[in-house]
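Note that this note's numbering has the sequence shown beginning at 779, numbered continuously upward.
A quick write-up on the structure given underneath.
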Amino acid sequence: MKKVILLAAVVAALVSCQSKTNNAATAAADSLAIDSMMPIVENTEVFEGTLPATKTAPAVNYVLTLDMMADSNDTVYTLDMTYLDANQQPTTKKMTVKGKPQMVQKMMKDAKKKPVAAKSMKLNPNDGSAPLYFVVTNDTTLTLMNDSLQESISDIGFNIVRVK
């Protein structure tokens, strides 16, 4: 009878230890599953520039941060706009817009009036406001365009440049 009780106690102890081990392994696996669902930032690029404004201010300082994810569908942006006064000093009026960029291509004409495929970025704000369009001029420069991807007719520059 002692042997049966001793055997039952040993089996109960083994089952108890097995259950704890499985729970710890399951919790670790669940933790890894949650971590693997989070997008991983592959690269961050920051573009900055002061662009002319409308009636509200003489100029606006743009800081565009692109967080490039491993899956390009998860890439997000943050656009910080600070309005400047006549002395090019920041005012209290600031805006931050977040959303997902979308790459678009359109046929445009270069300086020699030859058609070229222009790579552009459409910034789609999360808040539903109007999107902004930037043409990728080169590796370090984005040019603000209208929704038809047309440049401004003025000689004022609408470029922001990569700073990081």
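Even for Gly, the Cβ is constructed at its ideal location relative to N, Cα and C.
Sheet register partners of residue i (DSSP bridge)
i    : result
D858 : V841, T874
P830 : A837
F967 : There is no way to answer for residue 967, as the model of the chain reaches only from 779 to 942.
V939 : E826, T919
N821 : M846
Beta-carbon proximity check, residue i vs residue j, cutoff 8 Å
i    : j    : result
K897 : V875 : no
E826 : I938 : yes
K872 : T860 : yes
Y911 : G877 : no
N821 : M846 : yes
L844 : F936 : no
Supposed contact pair residue j and residue i - C-beta distance, whole angstroms, cut 8 Å
i    : j    : result
V838 : L862 : 7 Å
P893 : M885 : 5 Å
Assigned exposure category for residue i - 16 Cβ within 10 Å defines buried
i    : result
M899 : buried
P879 : buried
T870 : exposed
T921 : buried
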